[in-house]
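To get the working numbering, take the position in the sequence shown, counting from 1, and add 39.
Yeah, the Cβ is synthetic: ideal placement off N, Cα and C, and Gly gets one too.
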Amino acid sequence: MKVLIIGSGGREHAIAWKVSQSPKVTGIYCAPGNAGIAEIAECVSISAMEFDRLAEFAAANEIDLTIVGMDDPLVGGIVDVFEAKGLRIFGPRKNAAILEGSKAFSKDLMKKYNIPTAEYATFESPEEALEYLETAKIPIVLKADGLALGKGVLICNTLEEAKAGVKTLMEDKEFGSAGDKIVIEEFMTGREVSVLSFVDGNTIKIMTSAQDHKRAKDNDEGLNTGGMGAFSPSPFYTAEVDEFCKKYVYQATVDAMKAEGRTFQGIIFFGLMLTEDNGKIIPKVLEYNARFGDPETQVVLPRMKNDIIDVFEACVDQTLDKIELEFEDNAGVVVVLASDGYPLAYEKGYEITGQENFKGKTDYFLFHAGTKFNEAGHAVTNGGRVLGVTATGATLKEARSKAYEAVSWVNYENKYMRTDIGAAIL
Ligand code: AMP
Ligand code: GLY
């Protein structure tokens, strides 16, 4: 079968790699792709938001299944456009992708269906938000309702910061219309865990757990980024946490979406905070995403045993109850190699060397994110997050030392990485 993947990041490279392992697959296309994806897929220069052009491409090239990696096209309704043309596509329809597309929607859903999450209130006017803050408990969290490249969340440690945050989101419109509405949320503390799942509308199957590192600098300092590294599994995702979430979070979310007439088929990413109450761990949902996480996918998929095509098809055909997900009894660590300066200004266009060091190895992976070919045909840096170096090993400790060994195999000017990915697990 022929598969089209929509996106251009490390996540899409990991998906393309996993798809390439399936004996059922005869051709892989990726729109728009990057210099690493180009080694296993034919890259097509159509942007992820050009739904009609993508659908025309899929029809003309007899694509059997399209897989959407990114949030923007899902929230924008790419699945509905493909389905209207009779094309098979994996991902939630627009009315279900709102689970990620509107934080106010997801908070209201959780409240209505008793899914554990932080206390919150929603505001559409800055005056009302400011008035609410006067009596609110500080620290407090402000969230733009809409998509904001993962940057629309402000953790405010003083009342002044919170007031300034309301101005940033609602008046200065730093994230555009994403800030027309905001959620003001109770500040929670605890360990964070990312749990990815496949959903077919009725059945949900949980993948192995992971944890990412969002801040740009070591010791969780610096600005928030898309993610500077991740490890899987998370040792903090215990059997007790799993049991709690199976009872109160996972199926409850799928059932709630169905009850709302928004049947969800695709990936649900649960961002969990493991809060503590009198020595007891209470997981609460920080956020939902309607797609694979990045960089989490770069450590989760290399550990997955199933043929991923079987799982994607089961989600589309609503037969996921017949599938057992299986993961290796090992561990994975991914270290993101970025461009110095990210997530603010950075330079690009530097030649990448040493990629051949990863060839032929089954426990090391080099996933490309912001890369492209220059006119001479060399892979060059083309983004803030450039590469993901993943290693697997028997234990997290082993995977971590292998990943940090391999980061020096590949080079480019202005290479930057965190040196403490996974350090908390040692
Ligand atoms: P989100 O995009 O909603 O995952 O938020 C980004 C990050 O902000 C999360 O990964 C958390 O580290 C932090 N965060 C979000 N909501 C809260 C909260 N209610 N309390 C504490 N930290 C939060
Ligand atoms: N790594 C977090 C995300 O993909 O949103």
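query = For the stretch 202-219 against the stretch 266-274, are there 3 or more C-beta pairs whose distance is under 8 Å?
reply = Result no; under three Cβ-Cβ pairs closer than 8 Å.
message = Suppose you measure from the CA of Phe331 to the CA of Ser164; what does that come to, to the nearest Å?
response = Position 292 of the sequence shown, counted from the first residue, corresponds to residue 331. Position 125 of the sequence shown, counted from the first residue, corresponds to residue 164. Straight-line Cα distance between these residues: approximately 33 Å.
Reduced DSSP category for Ile85 - H, G, I as helix; E, B as strand; rest coil = Position 46 of the sequence shown holds residue 85. Coil at Ile85, not helix or strand.
ask   = So which residues touch the region around ligand 2, with touch meaning a C-beta under 6 Å from any heavy atom?
value = Those residues, listed in chain order, are Gly189, Asp251, Gly266, Asn328, Gly332, Asp333, Glu335.
ask   = Do Ala466 and Tyr152 have their C-beta atoms closer together than 9 Å?
value = This structure cannot speak to residue 466, because the chain is shown only from 40 to 465.
request  = Below 7 Å CB to CB, which residues in the same chain sit around Val339 once its five sequence neighbours on both sides are set aside?
outcome  = Your numbering for residue 339 matches position 300 in the sequence shown. Answer for Val339: Leu235, Met246, Thr247, Ala249, Ser271, listed in chain order.
inquiry  = What I want to know is whether the C-beta of Asn241 ends up closer than 8 Å to one or more non-hydrogen atoms of ligand 1.
reply    = Residue 241 sits at position 202 when you count from the first residue of the sequence shown. Within the chosen limit of 8 Å, ligand 1 does not reach the beta carbon of Asn241 with any heavy atom.
key: DSSP three-state assignment for Leu126, whether helix, strand or coil   = The residue labelled residue 126 in the question sits at position 87 within the sequence shown. Leu126: coil per DSSP, three-state reduction.
Exposed unless 16 or more other CB atoms sit within 10 angstroms - verdict on Lys411 = Translated into the one-based positions of the sequence shown, residue 411 becomes position 372. Looking at its Cβ environment, which holds 16 or more other Cβ atoms inside 10 Å, Lys411 is buried.
According to DSSP, residues forming a beta bridge with His407 = The residue given as residue 407 occupies position 368 in the sequence shown. Leu426, per the DSSP bridge assignment.
query = Is it buried or exposed for Asn73, if we count other Cβ within 10 angstroms and need 16 for buried?
reply = The count along the sequence shown starts at 1 and reaches residue 73 at position 34. Burial check for Asn73: the Cβ neighbour count within 10 Å reaches 16 or more, so the residue is buried.
key: Of the residues Ile67, Ile320, Ser440, the one placed nearest Glu279, counting alpha carbons only   = Within the sequence shown, residue 279 is the residue found at index 240, counting from 1. The shortest C-alpha separation from Glu279 is found at Ile320.
ask   = Can you give the Cα-Cα distance for His417 and Ile85, rounded to whole angstroms?
value = Indexing the sequence shown from 1 puts residue 417 at position 378. Indexing the sequence shown from 1 puts residue 85 at position 46. Distance between the alpha carbons of His417 and Ile85 is about 21 Å.
query = Anyone know if the C-beta pair for Gly185 and Phe214 falls short of 9 Å?
reply = Position 146 of the sequence shown holds residue 185. Position 175 of the sequence shown holds residue 214. Between Gly185 and Phe214, the C-beta spacing is below 9 Å.
key: As assigned by DSSP and simplified to three states, the class of Ser233   = Your numbering for residue 233 matches position 194 in the sequence shown. In this structure, DSSP gives Ser233 an extended state, which the three-state scheme calls strand.
message = Just verifying my parser: in three-state terms, what is the DSSP assignment at Phe214?
response = Along the sequence shown, read from residue 1 onward, the residue named residue 214 stands at position 175. Reduced to three states, the DSSP call for Phe214 is coil.
message = Does Thr302 come out as helix, strand or coil in the three-state DSSP assignment?
response = Position 263 of the sequence shown, counted from the start, is the residue given in the question as residue 302. Three-state DSSP puts Thr302 in coil, outside helix and strand.
query = Which word fits Arg439, buried or exposed, when buried means at least 16 other C-beta atoms lie within 10 angstroms of its C-beta?
reply = Here residue 439 refers to the residue found at position 400 of the sequence shown. By the neighbour-count rule (16 or more Cβ atoms within 10 Å), Arg439 is buried.
inquiry  = Given this structure, state the Cα-to-Cα distance separating Arg457 from Lys256, to the nearest angstrom.
reply    = Indexing the sequence shown from 1 puts residue 457 at position 418. Indexing the sequence shown from 1 puts residue 256 at position 217. The C-alpha of Arg457 lies about 6 Å from the C-alpha of Lys256.
inquiry  = According to DSSP, is Met343 part of a helix, a strand, or is it coil?
reply    = Against the sequence shown, residue 343 aligns to sequence position 304. DSSP, read as helix, strand or coil, puts Met343 in strand.
task = Could you pull out every residue in the same chain whose Cβ sits closer than 7 Å to the Cβ of Gly204, ignoring the five residues on either side in sequence?
result = For the purposes of this step, residue 204 is taken as the residue at position 165 of the sequence shown. Same-chain partners within the cutoff: Leu181, Leu193, Cys195.
request  = Confirm, please, whether the CB-CB distance from Ile154 to Val466 is below 9 Å.
outcome  = Nothing can be reported for residue 466, as the shown portion of the chain is limited to 40 through 465.
ask   = Which class does Arg254 belong to by DSSP, given the choice of helix, strand or coil?
value = As a first step, residue 254 is located in the sequence shown; it is residue number 215 there, counting from the start. In the displayed model, Arg254 falls within a strand according to three-state DSSP.
task = Reducing DSSP to helix, strand and coil, say where Gly310 ends up.
result = Position 271 of the sequence shown, counted from the start, is the residue given in the question as residue 310. The three-state reading of DSSP puts Gly310 in strand, counting E and B together.
inquiry  = Quick check: Val449 and Leu405, are their CB atoms within less than 9 Å of each other?
reply    = Here residue 449 corresponds to residue number 410 of the sequence shown, with the count starting at 1. Here residue 405 corresponds to residue number 366 of the sequence shown, with the count starting at 1. In contact: Val449 and Leu405 (Cβ atoms closer than 9 Å).
request  = Would you kindly work out how many angstroms separate the C-alpha atoms of Ala459 and Leu383, rounded to a whole number?
outcome  = Taking the first residue of the sequence shown as position 1, residue 459 is located at position 420. Taking the first residue of the sequence shown as position 1, residue 383 is located at position 344. First, the residue type needs correcting, since residue 459 is Asp and not Ala in the sequence shown. The straight-line gap from Cα to Cα measures roughly 21 Å.
task = Grab me the residues of Tyr443's own chain with a C-beta within less than 7 Å of its C-beta, minus the 5 sequence neighbours each way, in chain order.
result = Position 404 of the sequence shown, counted from the first residue, corresponds to residue 443. Val374, listed in sequence order.
query = With respect to the alpha helix (DSSP H) encompassing Val280, which residues constitute its N-terminal and C-terminal limits?
reply = One-based indexing of the sequence shown puts residue 280 at position 241. Val280: member of the alpha helix (DSSP H) spanning 278-287, first to last residue.
query = Just to confirm, does Met149 get its C-beta within under 8 Å of one of the non-hydrogen atoms of ligand 1?
reply = Counting from 1 along the sequence shown, the entry for residue 149 is found at position 110. No - ligand 1 has no heavy atom lying nearer than 8 Å to the Cβ of Met149.
ask   = Is the number of C-beta pairs between the stretch 389-397 and the stretch 360-367 that are closer than 8 Å three or more?
value = Not touching, per the Cβ criterion.
request  = Could you spell out the range, first to last residue, of the alpha helix (DSSP H) harbouring Glu51?
outcome  = Translated into positions along the sequence shown, residue 51 becomes position 12. For Glu51, the enclosing alpha helix (DSSP H) starts and ends at 49-59.
ask   = Leaving out the 5 sequence neighbours to the left and right, which residues in its chain are closer than 6 Å to Ala201 when beta-carbon positions are compared?
value = Within the sequence shown, numbered from 1, the residue matching residue 201 stands at position 162. Result list for Ala201: Leu172, Ile179, Cys195, in chain order.
key: Host beta strand (DSSP E) of Ala11 (start-end)   = The requested residue 11 does not occur in the structure, where the chain is confined to residues 40 to 465.
ask   = Closer than 8 Å: is that where the CB of Thr228 sits relative to any heavy atom of ligand 1?
value = Sequence index remark: in the sequence shown, residue 228 carries index 189 (1-based). Taking non-hydrogen atoms of ligand 1 into account, the C-beta of Thr228 is found less than 8 Å away from one of them.
ask   = If Ala135 sits next to Phe303, beta carbons under 8 Å apart, how far is it from one beta carbon to the other, in whole angstroms?
value = Taking the first residue of the sequence shown as position 1, residue 135 is located at position 96. Taking the first residue of the sequence shown as position 1, residue 303 is located at position 264. With a Cβ gap of about 4 Å, Ala135 and Phe303 count as contacting.
ask   = When the Cα of Asp379 is compared with those of Val372, Tyr389, Ala370, Gly371, which residue comes out closest?
value = Numbered from 1 along the sequence shown, position 340 holds the residue referred to as residue 379. Closest option to Asp379, judged by alpha-carbon separation, among Val372, Tyr389, Ala370, Gly371: Tyr389.
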